[in-house]
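Okay, so here's the structure we're looking at.
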Amino acid sequence: MYTTLEPVEALTTHPQVRRHLTVAERASLRIAVWVLTQHLRRAASREQREVARLRYEQERAREERAAHALRLAAWHLNAR
1 MYTTLEPVEA
11 LTTHPQVRRH
21 LTVAERASLR
31 IAVWVLTQHL
41 RRAASREQRE
51 VARLRYEQER
61 AREERAAHAL
71 RLAAWHLNAR
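Everything in the sequence shown is counted per full-length UniProt numbering, starting at 1 for the first residue and increasing by one.
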């Protein structure tokens, strides 16, 4: 995904495109792409946070299982 609007700028300033779009239409296109880019960035950020949270929960569950196994082993050793 492009992180800047340079491709849109290039498209809207291309002679073939310029011929068919008014200044207002080109500006509107740039704004629409900018808004879409912001939405995509936010969605990606939310997704990354969710993945990080899931990884944290998995690691915590793994640590809890290991601690439980250790307590169980200690209990068995003391039971002898």
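For glycine and all other residues, C-beta sits at the position ideal for the given N, C-alpha and C.
Assign residue i to one of two classes, buried (16 or more other C-beta atoms within 10 Å of its C-beta) or exposed (fewer than that).
i, result
"THR22", "exposed"
"THR12", "buried"
State the Cα-Cα distance for the pair residue i and residue j, rounded to the nearest angstrom.
i, j, result
"LEU40", "GLU50", "15 Å"
"LEU72", "ARG60", "18 Å"
"ARG26", "GLN38", "19 Å"
"ALA77", "LEU70", "The identity of residue 77 in the sequence shown is Leu, whereas the question assumes Ala. Going by the C-alpha atoms only, they are around 11 Å apart."
"ALA52", "ALA24", "42 Å"
Using a Cβ-Cβ cutoff of less than 6 Å, which residues in the same chain neighbour residue i once the five nearest sequence positions on both sides are dropped?
i, result
"ALA66", "none"
| query | Which ranges does the alpha helix (DSSP H) cover as unbroken runs of at least 4 residues, wholly within the stretch 11-36, from first to last along the chain? | reply | 15-18
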